[in-house]
Amino acid sequence: MSRDLAIIGVGMHPWGKWGRNFVEYGVVAAREALADAGLEWRDIQFVAGGETVRNGYPGYVAGATFAQALGWQGAQVASSYAACASGVTALATARAQILAGLADVAMVIGADTTPKGFLAPNKGERGDDPDWLRFRLLGATNPTYFALYARRRMDLFGATREDFARVKVKNARHGLENPNARYQRASTIEDVLTSPLVADPLSLLDICATSDGAAAMIVTSLEWAKAHGIDNPIRIRGVSTTTPSYPNPTIEMPNFATDSAAGIATPGAQPHRGFKDSIALRAFEEAGIGPNDLSCAEVYDLSTALELDWYEHIGICEQGEAEQLLRSGATELGGRIPVNPSGGLACFGEAVPAQAIAQVCELTWQLRGTATGRQVENASVGLSINQGLFGHGSCVIVST
Amino acid sequence: MKRVPAIDGWFTQDEERPELIGTRGVESGSFFFPPSLAVSANPNTPFEARESVRFSRTGTLWSYTTNHYSPPEPSVQTAPYTVCAVELATEQIVILGPLATGSDASQLKIGMQMELVIGPLFVEDDVEHTMYQWAPLRNPVTPTGDPV
Chain A
1 MSRDLAIIGV
11 GMHPWGKWGR
21 NFVEYGVVAA
31 REALADAGLE
41 WRDIQFVAGG
51 ETVRNGYPGY
61 VAGATFAQAL
71 GWQGAQVASS
81 YAACASGVTA
91 LATARAQILA
101 GLADVAMVIG
111 ADTTPKGFLA
121 PNKGERGDDP
131 DWLRFRLLGA
141 TNPTYFALYA
151 RRRMDLFGAT
161 REDFARVKVK
171 NARHGLENPN
181 ARYQRASTIE
191 DVLTSPLVAD
201 PLSLLDICAT
211 SDGAAAMIVT
221 SLEWAKAHGI
231 DNPIRIRGVS
241 TTTPSYPNPT
251 IEMPNFATDS
261 AAGIATPGAQ
271 PHRGFKDSIA
281 LRAFEEAGIG
291 PNDLSCAEVY
301 DLSTALELDW
311 YEHIGICEQG
321 EAEQLLRSGA
331 TELGGRIPVN
341 PSGGLACFGE
351 AVPAQAIAQV
361 CELTWQLRGT
371 ATGRQVENAS
381 VGLSINQGLF
391 GHGSCVIVST
Chain B
401 MKRVPAIDGW
411 FTQDEERPEL
421 IGTRGVESGS
431 FFFPPSLAVS
441 ANPNTPFEAR
451 ESVRFSRTGT
461 LWSYTTNHYS
471 PPEPSVQTAP
481 YTVCAVELAT
491 EQIVILGPLA
501 TGSDASQLKI
511 GMQMELVIGP
521 LFVEDDVEHT
531 MYQWAPLRNP
541 VTPTGDPV
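Below you can see the structure in the form of structure tokens.
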């Protein structure tokens, strides 16, 4: 039996800094996704919400929040917290329900209103919370970690600030006509290089903003889709919600240290380059395909330099070759493997619990051939990938 | 002025030769830092006891960055400030720490030798709260023991 799911509807509320309640955004995304699927809200049997902590407690941004806003209709519900990966953890939950035969039609939804400026830990004096302590003792903001990785690329692989800027220029161009993107304006290398330094070597335009936004999708079993006249839906082929493998040699947010590679090793374990390498593997295995089969990818470009890391982690080039791949134009629209055709976080900014869902929405439009102004030619297989705080990986592979 | 560590139990208070205090798994031999936070166990020995150990005082610079914006609460740093990641050879671990007060960030280079020192983090009510810091090693030596 196929373990694929059908994506029969997607919808988003445009990203921005709208200053309204996140629930409003979610309702708009849900309405779009339902209209796209040709379904009524009452048809949804299961609601899977991406969750985040706002107002200091979880549950406020959750699946049930949207089930209530759309009108309690008795659907089953689950909410998933996985930081930036929350949306795909929610999708994985919906998939399990559908593949187990417990539901036919599910809505996966996430929305957020983010504060201005740096993402910061919750208030209070919390000496046992690594997220609080990294700000207190180190001033280690998220861009601090992005910059540590970026500097490694410069030292190990000869990356330059111009290379990082090229990622921004590419993504800004991709997002120019994306109606859901917060920023629809071109950037030049000069713009990036002359924007204020945030965490050396990264400047303001190398680092993604935090945004308001919402995304939703309707997924069903292939059998249900077929029975309802949808013979060739976009299919979800693989979903990964991978945790790291010990010893992870990369220093991850919000940690003070890596794992130690000393001590007894796991039998048969190969030395590895870090958590991000393993995230896509599971999804590729499930889908039964490899990196060479991809038409396009949506990767989590929290920073421009991080997009280059992802090229290697998803296997579209070898370690140390990402700058070369970028410079060749392969990852631009029209190239061999366009990356972030939506414009990526560079054009969106992150709306944490919605972002991983938004990535899959984009892939759906690409594979349908309806991504006006940013269409990847003949797109048939897409990958989205993402990493959330505290060891949450996520990856989705979709195909026609 | 009275000096107290900003965090208890993470580093010794020897002003001349401070050491990080970590733990070591008694079965796995793996090292863990910091001692008081949840970190990944070695999955081969998830329930092993851990003993307190002092880490190597010196390591090599893995990466670093200077921040040009002052961070949000509960941070106490004022921009510009530099964060270093230093790799310890024996423990095979990379540990974040502030660049030592008074050190010149423009002289940093990945791979250079660093050592642990203690420096001020912030002052509150006439008490100086201190933190471990990474400083370029004063008398670096090559792996064979020769002066650089």
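Residue numbers (this note's numbering), protein chains in the order written: chain A, 1 to 400; chain B, 401 to 548. Ideal Cβ positions, reconstructed from N, Cα and C, are used throughout, including at glycine. What you are looking at is a predicted structure, and each value in this text was computed from that prediction instead of being measured.
Problem - Whole-angstrom C-beta distance between A/Val108 and A/Ile357, which should lie under 8 angstroms - result: Here residue 357 of chain A refers to the residue found at position 357 of the first sequence. Here residue 108 of chain A refers to the residue found at position 108 of the first sequence. Right, their Cβ atoms sit about 6 angstroms apart.
Practice task
Report the rounded CA-to-CA distance for A/Ala82 versus B/Thr478, giving the unit in angstroms.
Solution key: The residue labelled residue 82 of chain A in the question sits at position 82 within the first sequence. The residue labelled residue 478 of chain B in the question sits at position 78 within the second sequence. Distance between A/Ala82 and B/Thr478, taken at the CA atoms: about 31 angstroms.
Handout entry: Inter-residue spacing [alpha-carbon to alpha-carbon] between A/Val77 and A/Ala48
Key = The sequence position of residue 77 of chain A within the first sequence is 77, counting from 1. The sequence position of residue 48 of chain A within the first sequence is 48, counting from 1. If I take the Cα positions, the gap works out to 6 angstroms.
Practice task
Please determine, among A/Ala37, A/Cys347, A/Asp112 and A/Thr93, the residue with the shortest C-alpha to C-alpha distance to A/Gly213.
Solution key: Translated into the one-based positions of the first sequence, residue 213 of chain A becomes position 213. Considering only alpha carbons, the answer is A/Asp112.
Practice task
Could you tell me which chain B residues have their CB closer than 9 angstroms to the CB of A/Asp200, listed as they occur along the chain?
Solution key: Numbered from its first residue, the first sequence carries residue 200 of chain A at position 200. Under the 9 angstroms cutoff, chain B gives Tyr464, Thr465, Thr466, Asn467, His468, Pro480, Thr482 and Ala505.
Handout entry: Beta-bridge partners of B/Phe411, as assigned by DSSP
Key = Against the second sequence, residue 411 of chain B aligns to sequence position 11. Per DSSP, B/Leu420.
Problem - Rounded straight-line distance, which links the Cα of A/Thr250 to that of A/Phe275 - result: Taking the first sequence and counting its residues from 1, one reaches residue 275 of chain A at position 275. Taking the first sequence and counting its residues from 1, one reaches residue 250 of chain A at position 250. Taking the straight line from one Cα to the other gives about 7 angstroms.
Exercise for the section: Give the residues from the segment 253-268 of chain A that approach chain B closer than 7 angstroms (Cβ to any Cβ), ordered along the chain. Expected result: Phe256, Ala257, Thr258, Asp259, Ser260, Ala261, Ala262, Gly263, Ile264 and Thr266
Problem - Test item: CB-CB of A/Thr445 and A/Ser394 under 8 angstroms - result: Chain A is shown only over 1 to 400; residue 445 of chain A falls outside these bounds and no answer can be derived.
Practice task
Count the other C-beta atoms from every protein chain shown that fall within 10 angstroms of the C-beta of A/Trp72, then say buried if there are 16 or more, exposed otherwise.
Solution key: What you label residue 72 of chain A is simply residue 72 of the first sequence in a count that begins at 1. When all chains shown are included, A/Trp72 counts as exposed.
Handout entry: Straight-line gap, B/Phe432 to A/Thr65 (C-alpha atoms, nearest Å)
Key = Here residue 432 of chain B is taken as the residue at index 32 of the second sequence, counted from 1. Here residue 65 of chain A is taken as the residue at index 65 of the first sequence, counted from 1. Answer to the nearest angstrom: the Cα atoms are 40 angstroms apart.
Handout entry: 8 angstroms Cβ cutoff, B/Gln413 in contact with chain A
Key = On the second sequence, position 13 is the one that residue 413 of chain B refers to. Chain A contact via Cβ: absent.
Problem - Contact set for A/Gly343: own chain, Cβ-Cβ below 6 angstroms, skip 5 residues either direction - result: Within the first sequence, numbered from 1, the residue matching residue 343 of chain A stands at position 343. If we look at A/Gly343 and ignore the five residues flanking it on each side, its Cβ neighbours are Asn171, His174, Gly175, Asn178 and Ala181.
Exercise for the section: Can you give me, in chain order, the residues of the segment 483-501 of chain B that have a beta carbon less than 8 angstroms from any beta carbon in chain A? Expected result: Val483, Ala485, Thr490, Glu491, Gln492, Ile493, Val494, Ile495, Leu496, Gly497 and Pro498
Exercise for the section: State yes or no: is the beta carbon of A/Arg327 nearer than 8 angstroms to at least one beta carbon in chain B? Expected result: Position 327 of the first sequence holds residue 327 of chain A. Output row for A/Arg327: interface = no.
Practice task
Could you work out which residues of chain B lie near A/Thr141, taking near to mean beta carbons separated by less than 9 angstroms?
Solution key: Your numbering for residue 141 of chain A matches position 141 in the first sequence. Going along chain B in sequence order, the residues near A/Thr141 (Cβ under 9 angstroms) are Asn467, Tyr469, Pro471, Pro472 and Ser475.
Problem - Beta-carbon neighbours of A/Leu193, restricted to chain B and to distances below 7 angstroms - result: Counting from 1 along the first sequence, the entry for residue 193 of chain A is found at position 193. Result: empty, since nearest Cβ-Cβ is about 14 angstroms, beyond 7 angstroms.
Problem - CB contact below 8 angstroms: A/Arg3 versus chain B - result: Taking the first sequence and counting its residues from 1, the one referred to as residue 3 of chain A is at position 3. It does not; no Cβ of chain B falls within 8 angstroms.
Problem - Backbone CA spacing between A/Ile234 and A/Thr400 [nearest angstrom] - result: For the purposes of this step, residue 234 of chain A is taken as residue 234 along the first sequence, with counting starting at 1. For the purposes of this step, residue 400 of chain A is taken as residue 400 along the first sequence, with counting starting at 1. Each residue's alpha carbon lies about 5 angstroms from the other.
Problem - Uninterrupted beta strand (DSSP E) stretches inside the segment 94-160 of chain A (no shorter than 3 residues) - result: For the segment 94-160 of chain A, whole beta strand (DSSP E) runs of length 3 or above, ordered along the chain, are 105-112.
Practice task
Figure out for me which residue from A/Gly229, A/Ala29 and A/Val376 has the closest Cα to the Cα of A/Leu333.
Solution key: By 1-based counting over the first sequence, the position of residue 333 of chain A is 333. Answer by Cα proximity: A/Val376.
Problem - Neighbouring residues, chain B, relative to A/Gly117 (Cβ below 8 angstroms) - result: As a first step, residue 117 of chain A is located in the first sequence; it is residue number 117 there, counting from the start. Within chain B, the residues near A/Gly117 are Pro472.
Exercise for the section: Establish whether the CB of B/Phe433 and some CB of chain A are separated by less than 8 angstroms. Expected result: The sequence position of residue 433 of chain B within the second sequence is 33, counting from 1. With 8 angstroms as the cut-off, B/Phe433 counts as an interface residue toward chain A.
Problem - Distance between beta carbons of A/Ile279 and A/Gln387, contact taken as under 8 angstroms - result: What you label residue 387 of chain A is simply residue 387 of the first sequence in a count that begins at 1. What you label residue 279 of chain A is simply residue 279 of the first sequence in a count that begins at 1. Indeed, because the Cβ distance is near 7 angstroms, the residues count as touching under 8 angstroms.
Exercise for the section: Please list the partners that A/Leu197 has in chain B, where partner means a Cβ-to-Cβ separation under 7 angstroms. Expected result: Within the first sequence, the letter at position 197 stands for residue 197 of chain A. Correct list: His468.
Practice task
Report yes or no: is there a C-beta of chain B within less than 8 angstroms of the C-beta of A/Tyr81?
Solution key: Residue mapping note: residue 81 of chain A aligns to position 81 of the first sequence, counting from 1. For A/Tyr81, the answer is no, since every Cβ of chain B falls outside 8 angstroms of its Cβ.
Exercise for the section: Give every residue of the same chain whose Cβ lies closer than 6 angstroms to the Cβ of A/Ala379, excluding the five residues on either side of it in the sequence, and list them in chain order. Expected result: Walking along the first sequence from the start, residue 379 of chain A turns up at place 379. Ser295, Cys296, Gln366 and Leu367, listed in sequence order.
Practice task
Along the alpha helix (DSSP H) that carries A/Tyr25, what are the first and last residues, could you check?
Solution key: Translated into the one-based positions of the first sequence, residue 25 of chain A becomes position 25. Run containing A/Tyr25: Phe22 to Ala37, per the alpha helix (DSSP H) assignment.
Handout entry: Boundaries of the beta strand (DSSP E) in which A/His228 is found, first to last residue
Key = Translated into the one-based positions of the first sequence, residue 228 of chain A becomes position 228. Counting along the chain, A/His228 falls outside any beta strand (DSSP E), and DSSP gives it neither H nor E.
Practice task
Per DSSP, which residues does B/Cys484 bridge with? Please list them.
Solution key: Here the question's residue 484 of chain B lines up with position 84 in the second sequence. Per DSSP, B/Tyr464 and B/Gly497.
Practice task
Just tell me which of A/Leu308, A/Ala140, A/Val396 and A/Val105 has its CA closest to the CA of A/Arg282.
Solution key: Against the first sequence, residue 282 of chain A aligns to sequence position 282. The shortest Cα separation from A/Arg282 among A/Leu308, A/Ala140, A/Val396 and A/Val105 belongs to A/Val396.
Practice task
Just mark A/Leu156 as buried or exposed, buried being the case when its beta carbon has 16 or more other beta carbons within 10 Å.
Solution key: Along the first sequence, one-based indexing puts residue 156 of chain A at 156. The residue in question, A/Leu156, is exposed, as its Cβ has fewer than 16 Cβ neighbours within 10 Å.
Handout entry: Cβ neighbours of A/Arg42 in the same chain (closer than 7 angstroms, five flanking residues each side left out)
Key = Position 42 of the first sequence, counting from 1, holds the residue named residue 42 of chain A. If we look at A/Arg42 and ignore the five residues flanking it on each side, its Cβ neighbours are Gln73.
Handout entry: alpha helix (DSSP H) runs wholly inside the segment 294-338 of chain A, at least 4 long, in chain order
Key = Runs of the alpha helix (DSSP H) inside the segment 294-338 of chain A: 304-313 and 322-327.
Problem - Cα-Cα separation, A/Asp309 to A/Ala322 - result: Here the question's residue 309 of chain A lines up with position 309 in the first sequence. Here the question's residue 322 of chain A lines up with position 322 in the first sequence. Approximately 7 angstroms, taken between the alpha carbons.
Handout entry: Beta carbon proximity, A/Phe348 to chain B, threshold 8 angstroms
Key = Taking the first residue of the first sequence as 1, we reach residue 348 of chain A at position 348. Closer than 8 angstroms: no.
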